[in-house]
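If you're matching positions, the sequence shown starts at 54 in our numbering and goes up one per residue.
Yeah, the Cβ is synthetic: ideal placement off N, Cα and C, and Gly gets one too.
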Amino acid sequence: MKSEFEVFLDTDVYLKHLQGDEDSVLLKCLSLFDCYTSVINASEVFAKCSSKQEEENAKQAFFGSGVLGIPYKYSHTIGKLLKDNMNYRDACVTTILIETKLPIVSFTNMSSEYSEKYGIKFIKPQEILKNNSPQAIFKKPI
């Protein structure tokens with residue numbers, strides 16, 4: 054990770070872009086931030102592809118995003134989340150967010166629960182679409 058303005062993009066951000074969403078949150082994020090996702094999120098996107106062309110489009114959607122893996126040092130946090138009855142997928146992605154301290158851009162609405170319990174910052178796609186500077190989105194002075 055390399056800059057002051059970095060975000061983690063959830064699976065739905067890529068899927069909406071690939072479905073031809075007119076206002077692409079993905080493209081706006083790529084223009085404003087250093088973007089990351091996880092190997093799990095990327096796998097979910099590829100699982101939705103039903104043709105070679107869709108797979109190629111998915112590969113292109115990941116250009117400009119770093120795809121994070123799961124190193125051994127995350128296993129302790131994943132284990133804690135699994136003990137809390139979180140499913141494996143959510144435990145892995147949540148751990149990546151906790152360990153990297155990246156805010157997540159997602160269309161899902163679980164922000165208050167995850168923010169309070171795990172300290173994860175959520176950025177709503179609407180905030181991204183209505184602002185043209187990362188400072189405004191992150192509420193930092195220019």
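CB-CB length for residue i against residue j, believed under 8 Å
i   : j    : result
C82 : V158 : 6 Å
Three-state secondary structure (DSSP) of residue i
i    : result
C145 : helix
F61  : strand
S84  : helix
G132 : helix
L121 : strand
For residue j and residue i, the rounded distance between their alpha carbons
i    : j    : result
Y167 : T148 : 11 Å
L121 : S128 : 15 Å
Closest Cα partner of residue i within the set the options
i    : options                   : result
I151 : L71, T161, S91 and Q72    : S91
F175 : N184, I190 and K136       : I190
D63  : K183, N138, Q188 and N162 : N162
N184 : V78, H70, E59 and G117    : V78
Sub-8 Å separation of residue i and residue j beta-carbons
i   : j    : result
F99 : E109 : no
F61 : P187 : no
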